[in-house]
Amino acid sequence: MSNTSSPSTVSMETLAALCKRRGFIFQSSEIYGGINGFWDYGPLGAELKRNVRGLWWREMTREREDVVGLDATIIMHPSIWKASGHLDTFADPMVDCKSCKSRWRADQIAEEQGKKIEIEITEDGKKHYKMPAGVKCPKCGSANFTEVRPFNLMFATHVGPIESDDNKAYLRPETAQAIFVQFKNVLDTSRQKVPFGICQIGKAFRNEVTPRNYTFRSREFEQMELQFFIRPDEAVELICGHVAQLTPDTDLSEPHADWGWEIWHKYWVEKRLAWYRSIGLPKASLVEYWQAKDELAHYARACVDIQFAFPFGIQELEGIAARSDYDLTQHHIHSGKSQEVFDDELKAAVAKLDDAARTAFADKVAADWQAAGKSPEAAHTFCAKLFDGRYIPHDIEPSAGVDRLVLALLSDAYCEEKIADDKGKEETRVVMRFNPKVAPIKLAIFPLLKNRPELVAKAREIYLSLRSRWNVFYDESGAIGRRYRRQDEIGTPFGVTVDFQTLEDNTVTWRDRDTMKQERVAISELATRLQNAETGKQ
RNA sequence: GCGGGAGUAGCUCAGUGGUAGAGCGUCACCUUGCCAAGGUGAAUGUCGUGGGUUCAAAUCCCAUCUCCCGCUCCA
692 MSNTSSPSTV
702 SMETLAALCK
712 RRGFIFQSSE
722 IYGGINGFWD
732 YGPLGAELKR
742 NVRGLWWREM
752 TREREDVVGL
762 DATIIMHPSI
772 WKASGHLDTF
782 ADPMVDCKSC
792 KSRWRADQIA
802 EEQGKKIEIE
812 ITEDGKKHYK
822 MPAGVKCPKC
832 GSANFTEVRP
842 FNLMFATHVG
852 PIESDDNKAY
862 LRPETAQAIF
872 VQFKNVLDTS
882 RQKVPFGICQ
892 IGKAFRNEVT
902 PRNYTFRSRE
912 FEQMELQFFI
922 RPDEAVELIC
932 GHVAQLTPDT
942 DLSEPHADWG
952 WEIWHKYWVE
962 KRLAWYRSIG
972 LPKASLVEYW
982 QAKDELAHYA
992 RACVDIQFAF
1002 PFGIQELEGI
1012 AARSDYDLTQ
1022 HHIHSGKSQE
1032 VFDDELKAAV
1042 AKLDDAARTA
1052 FADKVAADWQ
1062 AAGKSPEAAH
1072 TFCAKLFDGR
1082 YIPHDIEPSA
1092 GVDRLVLALL
1102 SDAYCEEKIA
1112 DDKGKEETRV
1122 VMRFNPKVAP
1132 IKLAIFPLLK
1142 NRPELVAKAR
1152 EIYLSLRSRW
1162 NVFYDESGAI
1172 GRRYRRQDEI
1182 GTPFGVTVDF
1192 QTLEDNTVTW
1202 RDRDTMKQER
1212 VAISELATRL
1222 QNAETGKQ
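Those letters in the first sequence? Residues 692 to 1229, per our numbering, in order.
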């Protein structure tokens, strides 16, 4: 991963200090010395994070007819992790070179040197790895390794009162599998049909070797993800007679029936990028990174990382993977429960073909599959199912880290300005330039002076009239300028001040966080202004 | 987990064996007619934690936890 420095000037230390000082983020269990890789969100952080989740949920399901939500458990049947491959691939055997102190994946360096790592399974089912003789450290050439130790990234626990291997369970290392294993239930109950998606927001856990970069890599984190299920390209071809080709001119604004996985994937990449921009992340700080073929997971056809220029480097916010039918197929096989769907349109399209056309189609698919290194027999089985109107859907997965996005919003928002006061003395103004949509507090309401009961009463009245709809904040302590600055530092986009003129004509001064400009606004107009700020109209 | 650096008030830090400090912030009261004004007062630390050396430890020694940088991994 690149270490390109971000255009942002804020250091992680400065940002973390502000987050703690103002109550965005605290270290978990701090009074007991903290616990590595776990973070708590304070009052403002909790609001910020809720806003992010809310905006995502609204965009991904409420405002779409083809996506529904799910809220699944963190602990699930352990067989799920066997089927998904996490039990095997999440336990990396690691060694350290005692000579040069470098660390390696034992299986990888053994394989590179033409050897195979020895695995011994003990009676209690535990795996013991042994480095074969003759393997040398790729860095210094020494063969002086520590013992091979497995690092399983899944947190394990036991279900029920007795701890034994029979009731071992895991905290989910990703939310995706929960969606796959409920795919059929959702399909049967939601009156959706392919193509459609299931989205979920929830916690996931990884026992990371080294949590790092503030909240960026945590052991407990939250994901927002969509699994969008589509027809296999072969089914699209049978129904539409062709599969649309992705070109630079392809209109991605509305889905079309002739889209194959490639256009659907591109569609979601564009959708997600547009969403990040809509919540205030500038286009320039977002990077669309297309993984090279050799970086892809074995089941993935394509994967795009949406990256953000963090102060510590350009790092991933979201991955959008075309996962083929891999996951549902795994569960189809391991659970013994069919994950196939029946597609009326497909069945109707196939009914119009004669036997010769079907044979020709199946032969073409077999040839394509063979060219891609898959067996032609499997292709014929697949086509026989297709002709019956059945297939296992393919999947496009846009999967984002909530905590990472919150960190991106915080680091993007942070801004220090040099401004001169009326005496010409220069001072620094710290401003969190959150987009109003995500800002923890939308509006601060101040009486100009707190020792004038009539001003206080009016300001309280405005506060009480708005707070059921927006997170607004009332503050009467300190000089007015000081109160403005306090709000700047927590990113409140607007402030209104009740002064003596308010008592005469029901107007207040409306102060903009970014420009510091003030204008006279009727109290009756405040709700409209807040609503416009939230919908992006200004 | 390994190597390097660091932990003192909410924050930034001073304090190198002899009674725990500063600035900012926070809170209260006064003051204040629009951008961190001023005044008075207050709260907040068993100096990361545990042990040891010493008449005496924030300071020296050991262990441990946490944070930062690198290896590894990823949403």
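Think of the CB as a built atom: it goes at the ideal place given N, C-alpha and C, for glycine as much as any other residue. Just so it is clear, the structure is predicted and the values come from calculations on it, not from any experiment.
Requested in this report: Express the C-alpha separation of R863 and G816 in angstroms, rounding to a whole number.
Outcome: Reliability of the predicted coordinates at G816 is poor, the pLDDT of 47 falling under 50, and the value obtained from them is presented with this limitation in mind. One C-alpha to the other measures close to 21 Å.
Query raised in the report: Which stretch, first to last residue, makes up the beta strand (DSSP E) that contains T1020?
Result: Premise fails: T1020 lies in the alpha helix (DSSP H), Y1017 to S1026, not in any beta strand (DSSP E).
Requested in this report: Output the residue ranges of the beta strand (DSSP E) runs that lie fully inside the segment 1051–1089 and measure 3 residues or longer, sorted by chain position.
Outcome: none
Report task. Give the DSSP-derived three-state secondary structure of Y990 in the structure shown. Result -> coil
Query raised in the report: Between V1032 and E913, is the Cβ-Cβ spacing less than 8 Å?
Result: no
Query raised in the report: If you drop the 5 nearest sequence neighbours on each side, which residues of the same chain put their C-beta closer than 6 Å to that of I766?
Result: A860
Report task. Would you check if the distance between the CB atom of I1011 and the CB atom of V978 is smaller than 8 Å? Result -> no
Query raised in the report: If V1122 and C1106 are in contact, beta carbons under 8 Å, what's the gap, nearest whole angstrom?
Result: 5 Å
Query raised in the report: If we call anything under 8 Å between Cβ atoms a contact, is F874 one with Q1030?
Result: yes
Query - Extent of the continuous beta strand (DSSP E) to which F887 belongs - result: F887 to F896
Query raised in the report: For the ligand SAM, is there a heavy atom less than 7 Å away from the beta-carbon of T837?
Result: Among the ligands in the structure shown, none appear at all, so the ligand SAM cannot be discussed.
Report task. Report the residue from V1212, I726 and G971 whose alpha carbon sits nearest the alpha carbon of T1193. Result -> V1212
Query raised in the report: Within this structure, are the beta carbons of P902 and M703 separated by less than 8 Å?
Result: no
Query raised in the report: What is the residue span of the beta strand (DSSP E) that M915 lies within?
Result: E911 to I921
**Report entry** Whole-angstrom C-beta distance between F715 and L735, which should lie under 8 Å
**Finding:** 5 Å
Query - Rounded straight-line distance, which links the Cα of Y1154 to that of M980 - result: Here residue 980 turns out to be Tyr, not Met, going by the sequence shown. One C-alpha to the other measures close to 45 Å.
Query raised in the report: What's the gap between the Cα of S1095 and the Cα of A1069?
Result: The sequence given here places Arg at residue 1095; Ser does not occur at that position. Distance between the alpha carbons of R1095 and A1069 is about 41 Å.
Query - Cβ separation of E1225 and P1127, assumed to be a contact under 8 Å, to the nearest whole Å - result: 6 Å
**Report entry** Whole-angstrom C-beta distance between I930 and R744, which should lie under 8 Å
**Finding:** With a Cβ gap of about 36 Å, R744 and I930 do not count as contacting.
Query raised in the report: Given a threshold of 16 other Cβ atoms within 10 Å of its Cβ, counted over all protein chains shown, does I1024 qualify as buried or as exposed?
Result: exposed
Query raised in the report: What are the partner residues of R903, as DSSP defines its beta bridges?
Result: R908
**Report entry** Beta-carbon proximity list for L987, same chain, < 8 Å, skipping 5 on both sides
**Finding:** A993 and C994
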